[in-house]
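This note's numbering runs 833 ahead of the 1-based position in the sequence shown.
Accompanying notes for the structure given below.
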Amino acid sequence: MVDLQAVLDSIYKELTPRIGEGKVADYIPELAKIDPHQFGMAVVTVDGKIYRAGDAGVPFSIQSISKVFMLTLALGKVGEGLWKRVGREPSGSAFNSIVQLEHEHGIPRNPFINAGAIAVTDVVMAGHAPREAIGELLRFVRYLADDESVTIDEKVARSETQTGYRNFALANFMRAYKNIDHPVEHVLGVYFHQCALSMSCEQLAKAGLFLAARGSNPMTGHSVVSPKRARRINALMLTCGHYDGSGDFAYHVGLPGKSGVGGGIFAVAPGVASIAAGSPGLNKVGNSQLAAVALEMLAARTGSPVFGG
Ligand code: GLU
């Protein structure tokens, strides 16, 4: 049996000299202010044990990791009908690319690129006011994490609302193709708030534990989705979770995962544990540099349940 705490401690120690590597996302002004010298990891096993290293308890902006929670909500509302609105193929292009969307007539490649996530948010809104949809997501994430202290950072949401020109372009484009039903400002209002969810590695790993445990959270006993749906969400994370770095992440880490430009990466070791790592400095494709290395080390030292030892 691997001593997980010892593995986390050794990874933290080895990576400490590299804390601060990468480039903090600065296209969202509020994120540009983040101190790059942070690094944390948390692992929650399916038998309910929690392991932590570094800044595991410090909340950060989860950004695109929220797309996993919104996708879960949307599948719960419309089931397989969701795939009329968004595809399931890796994009091979940047997270905010507009070119592909034009080629594919307003149907985004997958739910984890921005365009796809915006379409998913539109589905979750289902005729509700933005405030209600934001409330629904926040309640859902608190329920998943079993933690009422999870919040949304209003400053980050506002900052992105003021500068998210590309996302407005993507949403308007999809609206022109009738793939967005609600007013664009409303959909993006919800989307920017979901991205501004502020969570620590520990809260994130707890919230995602259902994906490691066949759809139910073994710590709370809450049944969230069916085993089949959990498997499918994991499959999408494996193929599409890291934009055009998805292949590289699967190659190096070998686990389903989702990254965010706030510097977090959430990953799932099916049947074993859910994991979150975070450090604000990003690599060229917008994934946390140190968190990706840390997850690679963790997978190498514990064995990948997806691809074998
Ligand atoms: N809120 C960010 C955006 O839409 C999310 C991107 C990300 O985390 O990858 O640009």
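Heads up, the beta-carbon is just placed ideally off N, CA and C, and yes, glycines get one too.
Source: prediction; values computed, not measured.
Outcome for residue i when other beta-carbon atoms lying within 10 angstroms are tallied against a minimum of 16
{"i": "Glu-1035", "result": "buried"}
{"i": "Asn-1067", "result": "buried"}
{"i": "Asp-880", "result": "exposed"}
{"i": "Tyr-1010", "result": "exposed"}
{"i": "Arg-972", "result": "exposed"}
{"i": "Pro-941", "result": "buried"}
{"i": "Thr-878", "result": "buried"}
{"i": "Ala-1125", "result": "buried"}
{"i": "Gln-995", "result": "exposed"}
{"i": "Lys-917", "result": "exposed"}
{"i": "Lys-910", "result": "exposed"}
{"i": "Pro-892", "result": "buried"}
{"i": "Pro-923", "result": "buried"}
{"i": "Tyr-1024", "result": "buried"}
{"i": "Glu-847", "result": "exposed"}
{"i": "Asp-986", "result": "buried"}
{"i": "Thr-849", "result": "exposed"}
Closer than 6 Å: residue i CB and nearest the ligand GLU heavy atom
{"i": "Gln-896", "result": "yes"}
{"i": "Gly-1093", "result": "yes"}
{"i": "Cys-1028", "result": "yes"}
{"i": "Asn-943", "result": "no"}
{"i": "Asn-1000", "result": "yes"}
{"i": "Asn-947", "result": "yes"}
Sub-7 Å separation of residue i and residue j beta-carbons
{"i": "Ala-1045", "j": "Pro-1089", "result": "no"}
{"i": "Ser-894", "j": "Gly-1095", "result": "yes"}
{"i": "Leu-915", "j": "Ala-907", "result": "yes"}
{"i": "Ala-1106", "j": "Ala-1040", "result": "no"}
{"i": "Glu-854", "j": "Leu-1123", "result": "yes"}
{"i": "Ala-1143", "j": "Gly-873", "result": "Nothing about residue 1143 can be reported from this structure: the residues present for the chain run from 834 to 1142 only."}
{"i": "Ile-1108", "j": "Val-876", "result": "yes"}
{"i": "Pro-963", "j": "Val-953", "result": "no"}
{"i": "Pro-1113", "j": "Ile-867", "result": "yes"}
{"i": "Gln-1027", "j": "Ser-1121", "result": "no"}
{"i": "Thr-983", "j": "Met-1052", "result": "In the sequence as presented, Thr is not what sits at residue 983; that position holds Val. In this structure, Met-1052 does not lie closer than 7 Å to Val-983 by Cβ."}
{"i": "Val-1101", "j": "Ala-1132", "result": "no"}
{"i": "Ser-897", "j": "Gly-1080", "result": "no"}
{"i": "Gly-939", "j": "Met-1007", "result": "yes"}
{"i": "Lys-988", "j": "Glu-863", "result": "yes"}
{"i": "Leu-1071", "j": "Ala-1083", "result": "yes"}
{"i": "Val-1146", "j": "Asp-955", "result": "Beyond the ends of the chain as shown, which are 834 and 1142, falls residue 1146; an answer cannot be given."}
{"i": "Val-840", "j": "Arg-1047", "result": "no"}
{"i": "His-870", "j": "Ile-883", "result": "no"}
{"i": "Ile-844", "j": "Ala-1038", "result": "no"}
Any non-hydrogen atom of the ligand MG closer than 6 Å to residue i Cβ
{"i": "Ala-1102", "result": "By its list of ligands, the structure shown excludes the ligand MG, since it contains just the ligand GLU."}
Chain B within 7 Å of residue i, Cβ atoms only
{"i": "Gln-933", "result": "Among the protein chains of the structure shown there is no chain B, as only one such chain exists."}
>> As an exercise, report each continuous alpha helix (DSSP H) stretch of at least 4 residues that is fully enclosed by the segment 898-965, in chain order.
In response: 899-911, 932-936 and 947-958
>> Quick check: the segment 938-948 against the segment 997-1011, are at least 3 beta-carbon pairs closer than 8 Å?
In response: yes
>> In chain order, what are the residue ranges of uninterrupted alpha helix (DSSP H) at least 4 long that sit wholly in the segment 1046-1079?
In response: 1060-1073
> Taking only runs of the alpha helix (DSSP H) that begin and end inside the segment 959-1008, which ones reach a length of at least 4 residues, in chain order?
Replying inline: 963-978 and 987-996
> Do three or more CB pairs link the segment 1069-1078 to the segment 1013-1021 at distances below 8 Å?
Replying inline: no
>> Suppose only complete runs of 4+ residues qualify. What are the alpha helix (DSSP H) ranges in the segment 849-906, listed by chain order?
In response: 862-865
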